[in-house]
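Heads up, the thing below is written out as structure tokens.
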Amino acid sequence: MPYNFDKIIDRKQTNCVKHDAVSRFFGAENLLPLWVADMDFETPDFIQNAMQKRLDHPVNGYTYFSDEFYTSFINWMEKRHQFAVEKSWLEVTPGVLTGLSLAIMAFTKPGEKIIIQPPVYHPFLQLVESSDRVVLENDLLFEDGGYKMDFDGLEASIDSQTKMIIISNPHNPVGRVWTKEELTHLVEICEKHQIIILADEIHSDIIFKPNTYTPIASISEYAKHNSLSFIAPSKTFNIAGLSTSFVIIPNEDKHKVFSAITSRFHVSGASVFGSVACEAAYTHGEEWLEQLLVYLKSNIEIVKSYFSKHLPAVRVIEPEGTYLLWLDFSRLKLADEKLHEILIEDAKVALNKGISFGANGENFMRLNVGSPQSIIVEGLERIVAAFKRQEDF
Ligand SMILES: Cc1ncc(COP(=O)(O)O)c(C=O)c1O
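Residue numbering for the sequence shown follows the working numbering, beginning at 1 and increasing consecutively.
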């Protein structure tokens, strides 16, 4: 069945962060929201129907995760990613960030160092700092219009206080899907220095061919026993508001440590609709996802060709995965403040500021292409017209 990703849904006045909280985050009204990692497509029918069926039952008391819930995820990982996950490896948290935060507390001590690789999803830095751990920034290298990990920098920065690394695979915001070779190299360095790896793999279903996602735990025995992977249906099916995510912890001892902290904070309870939606998504979601990937890819092509035709100074970093496009505005030679001013006050679009992902994100912006094509085109027209007006001065 063909799904209609062109349909415009009015999301205003639903307490929706992407649309209703724009003025709070950007200090301006009526911006076209192309920011936070949340898509504007309607929730697929098989998820809505499953929740509707559950809603028909009049009681919403405490619930638990059924065997079918776990099996749906295990089957999905096997079928889509050829990765055999065992039920005994799994924990469930209300979100990936909750899981990351708990893992930081469980496996490191205050004052110890944790590596992140900017430009990267900004809450990584906040999670580390707010837990009184020390952030070690090993910037990604930007070469020939693409990003790679700085392995030499990584080795050089590690000292006896460095205990953990947090990676984003695929990498938000630069769109890299790390190759098996890159991850293998990373894991070798981590093994040499006995570093625990937290792999945020929340975007791992949004991968554009021929790229393939490699789960960190599949890389080697060290990776299997020294990593925690964080995966959810929230980005794939756009159900972040249903707060249900998995943590994969194959090592039994580490799993016990993690379980202890989830019990301490009582965060492993199931949500009635989160569990129903998650199971439906992983059970029936393949066809929808395949269609979504085609649609997102065509949105990406639209952005690339629009900029190359109308504002070629803006370089679009080709994403291998995620629906987040990383745009390089540096060739316009504008101060970052000015760039934001033009986009917000003149173009009236809400994009994430590159600088919020790290100092090396200066002069970049993150554009979310998870919207109907007409919205993306409107955003592009607004942006290009605003920069053209600047040139006219
Ligand atoms: C890389 C990454 N990790 C985590 C999250 C947030 O996950 P959650 O809402 O499950 O905490 C996001 C959301 O944008 C993300 O892009």
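Idealized CB from N, CA, C, for every residue including glycine.
Check whether the Cβ of residue i sits closer than 7 Å to any heavy atom of ligand 1, and report yes or no.
i    : result
D200 : yes
A240 : yes
Y121 : yes
L97  : yes
N172 : yes
A385 : no
A232 : yes
A277 : no
H19  : no
H394 : No statement about residue 394 is possible, as the shown extent of the chain runs from 1 to 393 and does not include it.
H203 : yes
S374 : no
A37  : yes
S245 : yes
Quick check on residue i: does DSSP put it in helix, strand or coil?
i    : result
M365 : strand
K333 : coil
M39  : coil
M51  : helix
V200 : At residue 200 the sequence reads Asp, which differs from the Val that was named. Reduced to three states, the DSSP call for D200 is strand.
S234 : coil
A350 : strand
L228 : strand
E341 : helix
D159 : coil
D253 : helix
L183 : helix
I195 : coil
A84  : coil
S263 : helix
I219 : coil
R389 : helix
C16  : coil
V288 : Correcting the residue identity first, residue 288 is Trp in this sequence and not Val. In the structure shown, W288 sits in a helix (DSSP, three-state: H, G or I).
S298 : helix
R382 : helix
D152 : helix
S371 : coil
Kindly indicate the opening and closing residues of the beta strand (DSSP E) around residue i.
i    : result
G7   : In the sequence as presented, Gly is not what sits at residue 7; that position holds Lys. Premise fails: K7 is in no beta strand (DSSP E) and is neither H nor E.
I165 : 162-168
R315 : 315-317
K113 : 113-116
I248 : 245-248
L100 : That residue, L100, is in no beta strand (DSSP E); its alpha helix (DSSP H) goes 96-107.
Assign residue i to buried or exposed, taking buried as 16 or more other Cβ atoms, counted over all protein chains shown, within 10 Å of its Cβ.
i    : result
R366 : buried
V59  : exposed
Q117 : buried
H122 : buried
N226 : buried
F393 : Residue placement at F393 cannot be trusted, given a pLDDT of 48 that sits under 50; what the coordinates show is reported in the next sentence. Burial call: exposed.
N4   : exposed
Y64  : exposed
N138 : buried
F387 : buried
Y213 : buried
E68  : exposed
R133 : buried
G99  : buried
R264 : exposed
N299 : buried
T14  : exposed
D56  : exposed
K7   : exposed
V247 : buried
DSSP has residue i in a bridge; who is on the other side?
i    : result
G321 : I207
V135 : I114
G146 : E143
V92  : F246
P33  : A350
W326 : I317, R366
In the DSSP assignment, find the alpha helix (DSSP H) that holds residue i and state where it starts and stops.
i    : result
I74  : 67-81
A281 : 272-284
P123 : 123-130
F25  : 22-26
Cβ of residue i versus every heavy atom of ligand 3: is any distance shorter than 7 Å?
i    : result
S168 : Of the ligands one can find in the structure shown, namely ligand 1, none is ligand 3.
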